[in-house]
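In this note's numbering, the protein residues as written are 10 to 375. Ideal Cβ positions, reconstructed from N, Cα and C, are used throughout, including at glycine.
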């Protein structure tokens, strides 16, 4: 796909919109930006991205208005808590059935169309919050957008395939792509981090476009200062997608049948055949591994480890645990003792010690 060739007037309007902080002002500028460029096949993803941003701002303004009036209404935005949030995506029937299996509930399909359906799945001492977010052509466009927002805000996506044809998975991928969400990759090809000064700084390089190409492209949108993280297989189209809000959501494709596995893996590499051989702990380990998370158990001096572990990103160090527990532990950190699986004696470590899944840590502070 070629980079969208927008008029200079549109690029200038986008530059205004990106720096606007007031929601009402930003919404107005996005509307002006949306109306400033021609619509065609090549702008479909851009149109959807801008529509999504405008809808989000309209919802934010409506929430502000509602709070001022003191009234209450059902919210479709689920607040992120401390536990990992997973969106279950499938046809209405399949997503509800899988949700009921994991959450041990008895939700009926029609209930998912009325209110957000939440539940909890637990494995390996870890609780995961489940959210039903079906993709089903029998559902109205308005509700599909609500479910897409639930998926967008979740930490990970569980795509469930029952008796639906293989093309259903392709439809799901395309639906997320249309909303500028990548559910197939392990890492973003391009990240753009705005900075107050310093010019355009590149981290990495591309085999398909030069630094000058990228700087010129960003400059056309009045972007003068930013850190650009880029991979070798990226191109200007990926830079543009990142500019207009592309995000990565790690997904697991869960097949409830055993056929066409190779074909499924060609669509989404991370595939699980879900059958009776997979218990809750095995399934939890798949989720943690896919999301790049590890479990760290904390303990006080002379005490048993906590039953519930902290959930940290891979690569977390001892000082990260101290900061997570309490800022004073990090400030007055002296050393820590770490116990690994099947090891009786704890090892004394410093703040930069990298932890592994299942480690038990005892922090000593001054």
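{"query": "Give the DSSP bridge partners of residue 203, in chain order.", "result": "235"}
{"query": "Where does residue 306 land, buried or exposed, given buried means 16+ other C-beta within 10 angstroms?", "result": "buried"}
{"query": "State the DSSP-derived secondary structure class of residue 261, mapped to helix, strand or coil.", "result": "strand"}
{"query": "Note the first and the last residue of the continuous beta strand (DSSP E) segment covering residue 368.", "result": "368-374"}
{"query": "Would the C-beta of residue 310 count as close to the ligand GTP, meaning under 8 Å from any of its heavy atoms?", "result": "You won't find the ligand GTP in this model; it holds no ligand whatsoever."}
{"query": "Starting from residue 345, trace the alpha helix (DSSP H) both ways and give me its first and last residue.", "result": "Per DSSP, residue 345 belongs to no alpha helix (DSSP H); it is in the beta strand (DSSP E), 342-348."}
{"query": "Helix, strand or coil, according to DSSP, for residue 171 in the structure here?", "result": "coil"}
{"query": "Between the Cα of residue 301 and those of 40, 134, 64 and 325, spot the shortest distance and give me the residue it belongs to.", "result": "325"}
{"query": "Below 7 Å CB to CB, which residues in the same chain sit around residue 357 once its five sequence neighbours on both sides are set aside?", "result": "344 and 346"}
{"query": "Report back the beta-carbon spacing between residue 132 and residue 292 to the nearest angstrom; my notes put them in contact at under 8 Å.", "result": "6 Å"}
{"query": "For residue 353 and residue 337, what's the separation of their Cα atoms in angstroms?", "result": "29 Å"}
{"query": "Between which two residues does the alpha helix (DSSP H) holding residue 177 run?", "result": "176-187"}
{"query": "For residue 267, does the three-state DSSP call read helix, strand or coil?", "result": "coil"}
{"query": "Give the range of the alpha helix (DSSP H) segment to which residue 296 is assigned.", "result": "289-300"}
{"query": "Counting beta carbon pairs with one atom in the stretch 176-196 and one in the stretch 211-220, are three or more of them shorter than 8 Å?", "result": "no"}
{"query": "Could you give the C-beta distance for residue 200 and residue 251, rounded to a whole number, given that I count them as a contact under 8 Å?", "result": "6 Å"}
{"query": "For the alpha helix (DSSP H) that residue 151 lies in, which residues bound it at each end?", "result": "150-162"}
{"query": "I'd like the list of long-range same chain contacts for residue 360, defined as Cβ closer than 7 Å, with 5 residues on each side in sequence excluded.", "result": "326, 327, 328 and 342"}
{"query": "Which one of 30, 141, 106 and 37 has the shortest CA to CA distance from residue 85?", "result": "141"}
{"query": "According to DSSP, is residue 306 helix, strand or coil?", "result": "strand"}
{"query": "Please return the same chain residues whose Cβ sits closer than 7 Å to the Cβ of residue 16, not counting the five positions on each side in sequence.", "result": "45 and 46"}
{"query": "Do you know whose CA, among 351, 350, 313 and 308, lies nearest residue 330's CA?", "result": "308"}
{"query": "On the three-state DSSP scale, how would you describe residue 190?", "result": "strand"}
{"query": "Please classify residue 103 as buried or exposed, where buried requires at least 16 other C-beta atoms within 10 Å of its C-beta.", "result": "buried"}
{"query": "Check the C-beta distance from residue 150 over to residue 64 and give it rounded, since I have them as a contact under 8 Å.", "result": "That belief does not hold up - the Cβ atoms of residue 150 and residue 64 are roughly 12 Å apart, past 8 Å."}
{"query": "Can you round the beta-carbon distance between residue 95 and residue 137 to whole angstroms, since I take them to be within the 8 Å contact cut?", "result": "5 Å"}
{"query": "Leaving aside the five residues before and after residue 279 along the sequence, list all residues of the same chain whose C-beta is less than 6 Å from its C-beta, in chain order.", "result": "261 and 299"}
{"query": "Under DSSP, the beta strand (DSSP E) around residue 93 begins and ends at which residues?", "result": "93-98"}
{"query": "What is the residue span of the alpha helix (DSSP H) that residue 25 lies within?", "result": "17-28"}
{"query": "Can you list, in chain order, the residues of its chain whose CB lies under 7 Å from that of residue 116, leaving out five sequence neighbours each side?", "result": "105, 108, 109 and 126"}
{"query": "Is the beta carbon of residue 233 less than 9 Å from the beta carbon of residue 209?", "result": "yes"}
{"query": "Using alpha carbons as the reference points, say which of 185, 176 and 167 lies closest to residue 157.", "result": "185"}
{"query": "Residue 212 and residue 237: beta carbons closer than 9 Å?", "result": "yes"}
{"query": "Please classify residue 313: does DSSP put it in a helix, a strand, or coil?", "result": "coil"}
{"query": "Between which two residues does the alpha helix (DSSP H) containing residue 364 stretch?", "result": "Counting along the chain, residue 364 falls outside any alpha helix (DSSP H), and DSSP gives it neither H nor E."}
{"query": "If residue 282 and residue 296 are in contact, beta carbons under 8 Å, what's the gap, nearest whole angstrom?", "result": "Their Cβ separation, rounded to whole angstroms, is 15 Å, which puts residue 282 and residue 296 out of contact at 8 Å."}
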